[in-house]
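For the sequence shown, my numbering assigns the number 3 to the initial residue and increments by one for each residue that follows. For every residue, glycine included, the Cβ atom is placed at its ideal position computed from N, Cα and C. Structure first, then comments.
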Amino acid sequence: MNDAAHYLDEQKKSTLKKLKEKKENPRVYEIEKNDLLIISRCPVCLSKDLRLLTEVYINGQLNFFSTVTCVSCLFTFRSVSPGLKWFKKCWQIIETAVPEVFNPEVELDRIARYEKYYEAISRYRKTGHLLDVGAAFGTGTNLFREKGFRVEAVEPEINKTNYLRKKWGIKVVADSIETFVRQKRRYDVIIFSACLEHIDNPVTVIKRIKNLLNPNSGLLYLEVPTIWNYVSWSDALYLTHKSNFSKEHLTYLAELGGLEIVEDFFYKPCHVGLLLKPRQNNQNKPKLIRPPKNITDIARLYRKDLPLKKHLPPLNAVIKYSVSHIEQFFQTLNLSDKKMIAPNHWSGFITFSV
Ligand SMILES: [Zn+2]
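As structure tokens, then:
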């Protein structure tokens, strides 16, 4: 297991431990065709030449989650996935009467990450109006407030929104950056970390986010996990991630959005960060540099650590999973108590038994 996989495994174990401690009964999150978002061309280069990598079905019937890569530019994303409205329904199911932090360990990790963001941003400015997109429980947002920033947040998940408002008194200005990006508001700093990969239409958001920045001195900190360091087989079931970016794609999209890089960062084990500002002069149309990889490399990622010892799906096969229901709205199933069963032939489904 590599560093990133190990780190994610630890995070997952800790989350599952928390669920157990809270003695929550297993839930079933219903899904139907109307909940699905279908994307038929690459959002980055608009090519329709997409290679299907993985599919997930309910009982071999409803295909509710598919991962594809663009043959032309290698952008890897979900061509079929539950849209934001479905997640909002799920979050309502788990809404608690008293908002509380789900996992304090994750919050400690968040504070450490935001300390690093502050260190980078404070080299350019130490005060101002700040927007935290995907603020979660606000531990990071509050850190910037304590350092002297006036802070606001965008957060879609109801338990987190309640916590931001009630615990911290932080103003939540919107539940979706996709709609908020059309507003005429200006910020000195926007933190947009570990969030872009969750959004239904990330390209539209990046193209417009400059409009929310102070045009002369605004700064945007953008961070995502990168595909090469992050993805292994289980990403095929990871419902909350809609896109898997490479640094090349992230850079291209930022340039397309009229932004230029001030500094770039790599945080172990798998995150790339860009500190960006609005470009002042006119630019030529940016060029996408295709990552120095090929489709087979991406197909390999979706086979990495796959717990099927005897035989692995051939690299040109679509890996098809079938589950009886969705019991987690992030990872589809609690995989820690299930065994994976390979099909007799790779046109069939990988299934899971308790
Ligand atoms: Zn493409």
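Heavy atom of ligand 1 within 7 Å of phenylalanine 182 beta-carbon: Within the chosen limit of 7 Å, ligand 1 does not reach the beta carbon of phenylalanine 182 with any heavy atom.
Residue(s) in a DSSP beta bridge with phenylalanine 139: Phenylalanine 139 is bridged by DSSP to nothing; it lacks a bridge partner.
Proline 345 versus Ile123, Ser355 and Trp230, residue with shortest Cα-Cα distance: The shortest C-alpha separation from proline 345 is found at Ser355.
Sequence-distant residues of its chain with Cβ nearer than 7 Å to proline 280 (five each side left out): Lys212, Leu215, Pro217, Gly220, Gly260 and Leu261, listed in sequence order.
Residues that DSSP places opposite phenylalanine 354 in a beta bridge: Per DSSP, the beta-bridge partners of phenylalanine 354 are Met342.
Chain-order list of residues whose beta-carbon lies under 8 Å from that of valine 73 (same chain, five-residue window excluded): Here the set comprises Ser49, Asp51, Leu52, Arg53 and Ile297.
Start-to-end residues for the beta strand (DSSP E) that takes in isoleucine 263: Unbroken beta strand (DSSP E) run through isoleucine 263: 261 to 269.
Valine 108, DSSP secondary structure in three states: Looking at valine 108 - three-state DSSP - the assignment turns out to be helix.
Close-in-space but distant-in-sequence residues of the same chain around alanine 319 (CB under 6 Å, 5 per side omitted): Trp348.
Strand pairing of glycine 275, partner residues [DSSP]: In DSSP, glycine 275 forms a bridge with Glu225 and Phe267.
Residue closest to lysine 118, alpha-carbon to alpha-carbon, out of Ser68, Leu252, Phe268 and Ser42: When each option's Cα is compared against that of lysine 118, the closest is Phe268.
Extent of the continuous beta strand (DSSP E) run through valine 233: In the DSSP assignment, valine 233 falls outside any beta strand (DSSP E), carrying neither H nor E.
Sufficient close CB pairs (3 or more, under 8 Å) joining the segment 308 to 315 to the segment 281 to 292: Taking 8 Å as the limit for Cβ pairs, the verdict is that the segment 281 to 292 does not touch the segment 308 to 315.
Contact under 8 Å by Cβ, tyrosine 254 with proline 288: The Cβ atoms of tyrosine 254 and proline 288 sit closer than 8 Å to each other.
Run of the beta strand (DSSP E) containing lysine 322, from where it starts to where it stops: Run containing lysine 322: 321 to 325, per the beta strand (DSSP E) assignment.
For methionine 3, three-class secondary structure by DSSP: Residue placement at methionine 3 cannot be trusted, given a pLDDT of 45 that sits under 50; what the coordinates show is reported in the next sentence. Residue state, collapsed to three classes: coil.
Beta-carbon spacing of phenylalanine 351, tyrosine 59 below 8 Å: In this structure, tyrosine 59 lies closer than 8 Å to phenylalanine 351 by Cβ.
Leucine 252 vs valine 264 beta-carbon contact at 8 Å: Between leucine 252 and valine 264, the C-beta gap is not smaller than 8 Å, which leaves the two residues out of contact.
Straight-line Cα distance separating threonine 353 from methionine 342: Near 6 Å, if we compare the C-alpha coordinates of threonine 353 and methionine 342.
Nearest-angstrom Cα separation, counted from aspartate 307 out to methionine 3: Only weak support exists for where methionine 3 lies, its pLDDT of 45 falling under 50; the value from the coordinates is given anyway. Straight-line measurement puts the Cα of aspartate 307 at about 7 Å from the Cα of methionine 3.
Beta carbon nearer than 6 Å to a non-hydrogen atom of ligand 1: Every residue passing the under-6 Å Cβ criterion appears here: Cys44, Val46, Cys47, Ser49, Cys72, Ser74, Cys75 and Phe77.
Three-state class that DSSP yields for glutamate 283 in the structure shown: Note that residue 283 is asparagine in the sequence shown, not glutamate. Residue state, collapsed to three classes: coil.
Simplified DSSP state of asparagine 318, which is helix, strand or coil: Three-state DSSP puts asparagine 318 in coil, outside helix and strand.
Environment of valine 175 [buried if 16+ CB atoms lie within 10 Å]: Looking at its Cβ environment, which holds fewer than 16 other Cβ atoms inside 10 Å, valine 175 is exposed.
Euclidean distance between Cα positions of phenylalanine 182 and tyrosine 31: Looking at the two C-alpha atoms, the distance is approximately 28 Å.
Phenylalanine 247 (DSSP reduced to helix, strand or coil): The answer is strand: DSSP assigns phenylalanine 247 an E or B state.
DSSP three-state assignment for leucine 337, whether helix, strand or coil: Three-state DSSP puts leucine 337 in a helix.
Burial state of threonine 141 (16 or more Cβ within 10 Å): When all chains shown are included, threonine 141 counts as buried.
CA-to-CA distance, arginine 292 to leucine 132, given in whole angstroms: One Cα belongs to leucine 132, the other to arginine 292, and the distance between them is close to 33 Å.
As assigned by DSSP and simplified to three states, the class of threonine 129: Coil at threonine 129, not helix or strand.
Nearest-angstrom Cβ-Cβ length linking valine 207 and glutamate 225, presumed shorter than 8 Å: The C-beta separation of valine 207 from glutamate 225 comes to about 14 Å, leaving the pair out of contact by the 8 Å criterion.
Beta strand (DSSP E) segment containing cysteine 72, residue limits: 64 to 72 is the span of the beta strand (DSSP E), which, as asked, contains cysteine 72.
Under the three-state DSSP convention, the category threonine 78 falls into: DSSP places threonine 78 in strand when its eight states are reduced to three.
Cutoff 6 Å; reference tyrosine 323; Cβ partners in own chain excluding five residues on either side: Apart from sequence neighbours up to five positions away, the residues of its chain that approach tyrosine 323 with a beta-carbon distance below 6 Å are Val58 and Ile352, ordered along the chain.
Beta-carbon proximity check, aspartate 134 vs valine 153, cutoff 8 Å: Cβ distance < 8 Å, so aspartate 134 and valine 153 count as in contact.
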